[in-house]
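The structure appears right after this line, and notes come after that.
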Ligand code: MCA
Ligand code: AMP
């Protein structure tokens with residue numbers, strides 16, 4: 236993958252590849268040339284090579300977003316190792332699971348977290364732990380500095396693993412989606428063509444880089460086109476607005492668009508140089524799509540994808556972008572909607588299944604789970620429910636998986652329910668997503684107290700914040716006498732959603 240990206244770098248490596256925009260107005264931007272990316276990643280790749288670990292070993296990375304984190308990603312590919320990005324919000328029990336499952340040879344964490352991650356790496360017999368901070372601090376860069384800035388990319392086959400992306404599971408256990416170099420490259424190439432990427436583009440990159448959206452869709456697009464990036468370590472509408480006039484492409488989750496539209500300075504004037512706004516990871520409300528068009532005179536291009544498949548469908552670059560749809564299947568991908576074991580008719584609702592070049596090979600170390608998620612004829616069951624119209628546009632109308640998407644992050648109710656059920660005084664719980672103006676859906680818990688026990692919402696929320704990533708913590712906890720159940724004894728989450736949606 237690295238060699239293919241590298242082949243598209245501009246011939247003049249002294250050109251600016253990435254401008255790290257200062258989020259603090261007193262600080263100056265930092266400029267990184269293409270040569271900086273090449274040489275910085277070479278040093279880290281040479282450091283990894285010196286460790287003499289087996290090709291295909293995992294490199295688990297939980298760091299804050301920074302240009303050096305991009306070099307670390309590129310270095311992992313160059314060294315023939317497998318990149319395992321982890322959400323920077325994950326806490327100790329979550330990391331313990333990922334390290335136990337991925338069994339990485341190398342872990343890189345932020346300097347601040349090393350105090351609690353170091354004992355975990357010991358427990359999981361991780362060979363090497365390095366730290367990498369947002370300000371070029373930490374042991375990784377210090378150690379890599381002694382190595383050569385030239386490195387011959389280790390050749391891997393297209394089927395070899397390039398990355399494992401953890402995605403939550405319906406049973407509460409996260410599953411590692413295994414993505415090969417071919418999966419990554421084929422999708423990047425298709426998106427480059429479909430979205431008309433060109434060298435003159437400037438990508439305003441404000442997404443996190445521990446997920447498919449920011450790491451593959453956005454970053455690969457720019458690297459594969461030799462396009463410059465304006466790099467924001469965090470999404471901040473004010474900083475986006477200060478820089479948007481210098482950009483031509485922006486990618487975001489719907490929450491980011493809602494927040495931009497809330498800012499009176501977001502106008503057709505500041506967005507006049509932009510040629511492409513892409514939205515994905517969660518449903519974009521028709522209302523947001525329309526308000527965006529009224530405000531900027533431009534239509535957001537909505538697309539649909541998954542960690543297991545990278546991008547599957549896209550509204551067209553040229554042609555009608557239709558609100559409430561995610562566009563047609565991308566070239567190289569077969570998408571069908573199934574009901575009662577048959578392909579549906581036009582506009583008939585059913586389960587979305589996909590097959591194609593970017594579809595993963597399975598879940599890391601979970602052959603049974605993998606077998607369950609593929610049909611006999613090799614289609615992956617997405618767990619999304621949708622329909623296809625006469626023109627081939629796909630609409631997602633729901634999910635067959637019990638999943639909440641909050642601000643573009645996935646939360647599986649089962650995981651939160653298991654944690655709530657362990658709390659003193661909780662007899663049982665149900666976790667649902669309710670509509671939320673900012674996050675699209677808000678994680679909400681409904682709990683039943685044990686006889687005689689008193690439950691305190693604020694205390695439960697505070698204790699959850701100590702143990703799980705913040706975005707998973709319910710925004711509200713409602714205490715009820717009993718949970719509504721159907722005749723089979725199953726909790727009726729739809730009843731709870733109606734009751735607790737405000
Ligand atoms: C932050 N908080 C959240 C979320 N993010 N709560 C619920 N859902 C969230 N997504 C918490 C914070 O910890 C804080 O809690 C409070 O909410 C307010 O935080 P705020 O400062 O407003 O949040 P933020 O730091 O500005 O983050 C919002 C965000 C972020 C920028 C929208 O959530 C984000 O970067 N989302 C993008 C996710 C993404 O890249 N998804 C792609 C997945 P407290 O007040 O208690 O401290 S890839 C994928 O899905 C597929 C492949 C695809 O199709 O792309
Ligand atoms: P992840 O597990 O983080 O890769 O999330 C993938 C899921 O995000 C998909 O299965 C969909 O449910 C959802 N998703 C991604 N893009 C869209 C979109 N444009 N509209 C609706 N849902 C989406």
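Numbering (the working numbering), first residue to last: 236 to 737. Just so you know, even glycine gets a beta-carbon here, dropped at the ideal spot from N, CA and C.
Please classify residue i: is it buried, with 16 or more other beta-carbons within 10 angstroms of its beta-carbon, or exposed?
i, result
"residue 380", "exposed"
"residue 745", "Only positions 236 to 737 of the chain appear in the structure, and residue 745 is not among them; the question remains open."
"residue 538", "buried"
"residue 576", "exposed"
"residue 473", "exposed"
"residue 436", "buried"
"residue 493", "buried"
"residue 518", "buried"
"residue 516", "buried"
"residue 461", "buried"
"residue 508", "exposed"
Check whether the Cβ atoms of residue i and residue j sit closer than 8 Å, and answer yes or no.
i, j, result
"residue 398", "residue 317", "yes"
"residue 249", "residue 276", "no"
"residue 339", "residue 389", "no"
"residue 660", "residue 693", "no"
"residue 536", "residue 511", "yes"
"residue 296", "residue 343", "yes"
"residue 565", "residue 542", "no"
"residue 680", "residue 651", "yes"
"residue 531", "residue 490", "no"
"residue 641", "residue 585", "no"
"residue 345", "residue 367", "yes"
"residue 628", "residue 574", "no"
"residue 499", "residue 400", "no"
"residue 589", "residue 609", "no"
"residue 595", "residue 412", "yes"
"residue 240", "residue 439", "no"
"residue 738", "residue 623", "Residue 738 lies beyond the range of the chain shown here (236 to 737); nothing can be said about it."
"residue 426", "residue 546", "yes"
"residue 592", "residue 429", "no"
"residue 361", "residue 334", "yes"
"residue 255", "residue 466", "yes"
Can you tell me where the beta strand (DSSP E) holding residue i begins and where it ends?
i, result
"residue 652", "Unbroken run through residue 652 is the alpha helix (DSSP H), 648-656; no beta strand (DSSP E)."
"residue 428", "Careful: residue 428 lies outside any beta strand (DSSP E), inside the alpha helix (DSSP H) at 416-429."
"residue 619", "615-623"
"residue 365", "363-366"
"residue 549", "545-549"
"residue 230", "No statement about residue 230 is possible, as the shown extent of the chain runs from 236 to 737 and does not include it."
"residue 605", "Taken as a continuous stretch (DSSP letters only), residue 605 belongs to no beta strand (DSSP E), being part of the alpha helix (DSSP H) at 602-608."
"residue 320", "317-320"
Kindly indicate the opening and closing residues of the alpha helix (DSSP H) around residue i.
i, result
"residue 701", "692-702"
"residue 331", "327-337"
"residue 492", "489-496"
"residue 284", "269-285"
"residue 456", "454-458"
"residue 351", "349-358"
"residue 736", "Here residue 736 belongs to no alpha helix (DSSP H), and DSSP marks it neither H nor E."
"residue 474", "472-478"
"residue 242", "That residue, residue 242, is in no alpha helix (DSSP H); it is neither H nor E in DSSP."
"residue 374", "374-379"
Which same chain residues end up closer than 6 Å to residue i when comparing Cβ atoms and leaving out the 5 residues on each side of it in sequence?
i, result
"residue 341", "294 and 363"
"residue 736", "669 and 670"
"residue 625", "581"
"residue 646", "639, 678 and 707"
"residue 648", "637 and 666"
"residue 267", "252, 253 and 302"
"residue 331", "355"
"residue 449", "442 and 443"
"residue 534", "528 and 556"
Apart from the five residues on each side of it in sequence, which residues of its chain come closer than 7 Å, Cβ to Cβ, to residue i?
i, result
"residue 720", "726 and 727"
"residue 487", "441, 442 and 514"
"residue 237", "309, 312, 313 and 388"
"residue 704", "322, 324, 325, 326 and 329"
"residue 597", "413 and 605"
"residue 386", "277, 280, 281 and 313"
"residue 739", "Residue 739 lies beyond the stretch modelled for the chain, which goes from 236 to 737, so this question has no answer here."
"residue 544", "589, 593, 594, 595 and 615"
"residue 447", "400, 540, 542 and 545"
When you measure from the CB of residue i to every non-hydrogen atom of ligand 3, does any distance come out below 7 Å?
i, result
"residue 481", "With respect to ligand 3, the structure offers nothing, as its ligand set consists of ligand 1 and ligand 2."
Suppose the cutoff is 8 Å on Cβ atoms and the five residues either side in sequence are ignored; what does the same chain contact list for residue i look like?
i, result
"residue 292", "316, 317, 339, 340 and 341"
"residue 698", "658"
Distance cutoff 8 Å, beta carbons only. Does residue i sit that close to anything in chain C?
i, result
"residue 268", "Absence of chain C from the displayed structure is noted, only one protein chain being present."
Sequence-ordered residues whose beta carbon comes within less than 6 Å of a heavy atom of ligand 1:
Counting only residues whose CB is nearer than 6 Å to a non-hydrogen atom of ligand 1, the list in chain order is 442, 443, 446, 447, 448, 449, 470, 488, 490, 491, 515, 516, 540, 541, 542, 641, 642, 643, 644, 674, 705 and 706.
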